[in-house]
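And the structure:
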């Protein structure tokens with residue numbers, strides 16, 4: 002799936018009832034790669050607050066080297 006490289010973009014990530022400022026590495030309609038200071042577990046539910054797309058819910062699908070993959074619950078444009 003094509004990905005939009007957006008490494009200079011920041012967002013808020015809701016994780017375990019708290020919001021964290023994160024950096025978006027890339028986005029696709031079905032997910033995102035995020036640099037995250039607080040490491041969630043695979044399978045955890047999260048929400049990204051993206052300035053141009055609003056609140057997007059998803060699930061952590063991988064964790065590696067301070068980066069996580071988020072699979073969105075519904076595709077975004």
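In the numbering used here, the protein residues as written are 2 to 78.
The C-beta atom is built at its ideal place from N, Cα and C for all residues, glycine as well.
Model, not experiment: these values are computed from the prediction.
>> Mapping the DSSP letters down to three states, classify residue 67 as helix, strand or coil.
In response: Correct three-state label for residue 67: coil.
> If you draw a straight line from the C-alpha of residue 32 to the C-alpha of residue 76, how long is it?
Replying inline: The alpha-carbon separation between residue 32 and residue 76 amounts to approximately 8 angstroms.
> Is the CB-CB distance between residue 12 and residue 25 below 7 angstroms?
Replying inline: In contact: residue 12 and residue 25 (Cβ atoms closer than 7 angstroms).
> Does DSSP put residue 34 in a helix, in a strand, or in coil?
Replying inline: Residue 34: strand per DSSP, three-state reduction.
>> Using the Cβ count rule (16 or more neighbours within 10 Å means buried), how would you classify residue 69?
In response: By the neighbour-count criterion, in which a residue is buried when 16 or more other Cβ atoms sit within 10 angstroms of its Cβ, residue 69 is buried.
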